[in-house]
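J.: Numbered by our numbering, the letters in the sequence shown go through residues 83 to 556 in order.
A virtual CB, placed ideally from N, CA and C, is assigned to each residue, including glycine.
Just so it is clear, the structure is predicted and the values come from calculations on it, not from any experiment.
Have a look at this one before I ask anything.
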Amino acid sequence: MDSRVSARALASALGGWRTREPAYEALADGIRLLCLDNRLAPRTTLPAERELAGALAVSRSTVAAAYRSLRDTGHISSLRGSGSVTLPLGRREPGRVAAGDGMIDLQQASPPAWPGLAGLMAEAAGSASTLVSRVGYDVLGRIELREAIAHRYAERGIPTHPDEVLVTTGAQSAIHLISSVLVGRGDRVLAETPTYPHAVDALRRAGARLVGVPVTTDAGWDLERAEQAFARTLPVMAYLMPDFQNPTGRSMTTLERAAILSAGERAGAVLVLDETTADLDIDRGPVAPGFEPSEPGTVVRIGSLGKTVWGGLRLGWVRADGDLIRRLVAARPAHDLGTPEFEQAIATQLLRRFDQVVAQRSALLRSGRDAVVKALEAQLPSWGIPVARGGVSLWIELGAPLSSALVIEARSRGVLLTAGPRFSVDGGHDRQLRVPFTAPPDEMARAAALLADAWAAVRAGAPPSVVAEAGAVV
Ligand SMILES: Cc1ncc(COP(=O)(O)O)c(C=O)c1O
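In structure tokens:
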């Protein structure tokens, strides 16, 4: 089914699009970026020129010229009577730009596989005959693996029974399943902004109306806004990342954990804690996990081996009270029919030596982070480089709403990045850029040099009012 985007929604997604002259090319670039990172899916009908012109307060001829430019570059087609429709972009993977030869791809913050993984896979292959003797459709998860996951929680001070664990094909699958069970059409869901974009995609698909609570790299969670949002909107669910939040890298303080838990409990919300990044500690040190609810059922945790071991393993889990686990199991077959046996066997082995895995990760992320910080401080001294104590990325303050313009410019120079607004819940974040530190250090050094050139070009082309803001950054 084709979808449409309203003029108001498109104007809001475009945010501060007017980053260069002529205005029609800046507008076309803004729409191109929305197509590239899949915020405008292929075959979406764009608003009529007159309506978009009204919503953006520009002349109709500006929108007409932008649409013409988009037609020329193959981003849209316009047919008399059926309007302008976005087109699939070549061989692009959905949601990502395909990285061609020589391109540096920083769109995803995914570390390379844990070095011991290939050996473990070879070992697991040795017991393939036992694995294939099983039924194979496993919607709950192997008991050995659920025990290993429960044991890991217990080590963190969160006593867990294996019946409180459901194994999934990654954290994304868990988010999708939980959203489909807990969220009904029109329900409010609270989420941090910025946040992990595919969680937003899954929640929106389930019909959620998202309420954003700001998180910043220097001040953390805006507790006043969080408390107000819980009290006023009574969300059914909150989706949160208390440890090494993606993309800011912030961890909640003990006070933030306690305040959010009690506001959530007062509102009757289920707090879904995505802990995909929780084990990616570089130099923060252990903290008490908090979020001990007074009623069972208030707190749900999601885990994954995607960042600690390898994204290609596609293995994650949900920790929740037995009731919710049973509801998830009942709903699951509509999504998928279980988690592959082979991956579960490997995951069980991995969790038995998880301290070793996590230590390697910490060392790898430390060298990645230090290399990126060094390269960016040398090449882009005007940027505000934050302190990240763990996680996978830096959430950088640009000092001017030029993130989208910079991403387009960087792309033409061979660096693929995701602009700040992709991480937004309710618009904005065009002043921030996510830079992962998961790529090899030499690649990051090259990327920083190219980014510095792109930044100079973007600033040179931006209208004076925008550049004046950028100049104010020290
Ligand atoms: C916060 C967060 N949650 C979930 C996911 C998806 O994890 P998985 O690969 O296990 O599906 C990611 C991956 O980037 C993530 O960063």
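Does the beta-carbon of S85 have 16 or more other beta-carbons within 10 angstroms, so that it is buried, or is it exposed?
T.: Burial call: exposed.
J.: What residue range does the alpha helix (DSSP H) around Q254 cover?
T.: Its alpha helix (DSSP H) spans residues 253-264.
J.: Between which residues of its own chain and A284 is the CB-CB distance below 6 angstroms, once the five residues before and five after are set aside?
T.: Cβ within range, chain order: I257, H258, S261.
J.: Give the straight-line distance between the Cα atoms of Q254 and W399, rounded to the nearest whole angstrom.
T.: Answer to the nearest angstrom: the Cα atoms are 10 angstroms apart.
J.: In chain order, what residues of the same chain have a beta carbon less than 6 angstroms from the beta carbon of E229, not counting five sequence neighbours either side?
T.: Closer than 6 angstroms at Cβ, skipping near neighbours: P244.
J.: In terms of residue numbering, what span does the beta strand (DSSP E) encompassing A320 cover?
T.: Here the beta strand (DSSP E) through A320 covers 319-322.
J.: So L116 and L122 are supposed to be a Cβ contact under 8 angstroms. How far apart are they, rounded?
T.: About 4 angstroms; that satisfies the 8 angstroms criterion.
J.: Can you determine whether any heavy atom of ligand 1 sits closer than 8 angstroms to the C-beta of M185, and answer yes or no?
T.: Outside the cutoff, so no.
J.: Contact defined as beta carbons within less than 8 angstroms: I believe F312 pairs with R348. What is the distance between those atoms, to the nearest angstrom?
T.: Right, the Cβ-Cβ distance comes to about 7 angstroms (below 8 angstroms), so this counts as a contact.
J.: Give the DSSP-derived three-state secondary structure of V556 in the structure shown.
T.: Because the pLDDT at V556 is just 28, under 50, the model does not fix this residue reliably, and the value given afterwards should be weighed accordingly. Looking at V556 - three-state DSSP - the assignment turns out to be coil, as it is neither helix nor strand.
J.: Can you tell me the Cβ-Cβ gap for P483 and D437, rounded? I've got them flagged as a contact below 8 angstroms.
T.: Incorrect: roughly 43 angstroms between the Cβ atoms, too far for contact.
J.: Does ligand 1 have a heavy atom nearer than 8 angstroms to the CB of I257?
T.: Under cutoff, so the answer is yes.
J.: Which of helix, strand or coil does DSSP assign to W537?
T.: W537: helix per DSSP, three-state reduction.
J.: With a 10 Å radius around its C-beta and 16 neighbouring C-beta atoms as the bar for buried, classify R162 as buried or exposed.
T.: Label assigned to R162: exposed.
J.: How about A281: is its Cβ closer than 8 angstroms to a heavy atom in ligand 1?
T.: Within the cutoff, so yes.
J.: In three-state terms, what does DSSP make of E274?
T.: Here E274 sits in strand by DSSP.
J.: Give the straight-line distance between the Cα atoms of R90 and A273, rounded to the nearest whole angstrom.
T.: Their backbone Cα atoms lie some 22 angstroms apart in a straight line.
J.: Given a threshold of 16 other Cβ atoms within 10 Å of its Cβ, counted over all protein chains shown, does D119 qualify as buried or as exposed?
T.: D119 comes out buried.
J.: Give every residue of the same chain whose Cβ lies closer than 7 angstroms to the Cβ of S444, excluding the five residues on either side of it in the sequence, and list them in chain order.
T.: Answer for S444: D363, I364, listed in chain order.
J.: Tell me whether M323 counts as near ligand 1, meaning its Cβ is closer than 8 angstroms to at least one heavy atom of that ligand.
T.: Yes, the beta carbon of M323 sits closer than 8 angstroms to at least one heavy atom of ligand 1.
J.: Nearest-angstrom Cα distance between G268 and T336?
T.: Cα to Cα, G268 sits roughly 32 angstroms from T336.
J.: Assuming V450 and F326 form a contact by the criterion Cβ under 8 angstroms, report the distance between their Cβ atoms to the nearest whole angstrom.
T.: Per the sequence presented here, residue 450 reads as Gly, with Val not at that position. Contact flag wrong, Cβ pair sits at about 14 angstroms.
J.: Per DSSP, T298 is paired with what?
T.: Answer by DSSP bridge pairing, in chain order: G302.
J.: Taking D365 as part of the beta strand (DSSP E), name the residues at either end of that continuous run.
T.: Neither: D365 is in no beta strand (DSSP E) and is coded neither H nor E.
J.: Which complete beta strand (DSSP E) runs does the segment 137-196 hold, if anything under 3 residues is left out?
T.: Correct list: 158-161, 165-168.
J.: Around the Cβ of V179, are there at least 16 other Cβ atoms within 10 angstroms (buried) or fewer (exposed)?
T.: Any reading at V179 must be qualified, since the residue scores a pLDDT of 48, below 50, and its modelled position is unreliable; no value is offered.
J.: Between which residues of its own chain and L397 is the CB-CB distance below 6 angstroms, once the five residues before and five after are set aside?
T.: Contacts found: L387, E425, A429.
J.: Thinking C-alpha only, which one of L292, N328, L532 is nearest V318?
T.: Nearest of L292, N328, L532 to V318, Cα basis: L292.
J.: Within this structure, are the beta carbons of L563 and V497 separated by less than 9 angstroms?
T.: Outside the shown range of the chain, which is 83 to 556, sits residue 563, and nothing can be said about it.
J.: Quick check: does the Cβ of S262 come within less than 8 angstroms of any heavy atom belonging to ligand 1?
T.: No, ligand 1 has no heavy atom inside 8 angstroms of this Cβ.
J.: According to DSSP, simplified to helix, strand and coil, what is A95?
T.: Of the three classes helix, strand and coil, the one that applies to A95 here is helix, per DSSP.
J.: Just to confirm my understanding: we take W434, look at its own chain, exclude 5 residues before and 5 after, and list those with CB closer than 7 angstroms. What are they?
T.: A quick correction: the sequence has Arg, not Trp, at residue 434. Cβ within range, chain order: A230.
J.: With DSSP collapsed to three states, give me the class of P546.
T.: If DSSP states are grouped into helix, strand and coil, P546 belongs with the helices.
J.: Going by the C-beta, is S209 closer than 8 angstroms to any heavy atom of ligand 1?
T.: Flag unset: Cβ of S209 not near ligand 1.
J.: Could you check how far apart the C-beta atoms of I158 and L169 are, in whole angstroms? I think they sit under 8 angstroms.
T.: The Cβ separation is near 6 angstroms, so the contact holds.
J.: Report back the beta-carbon spacing between R132 and R125 to the nearest angstrom; my notes put them in contact at under 8 angstroms.
T.: The Cβ separation is near 22 angstroms, so there is no contact.
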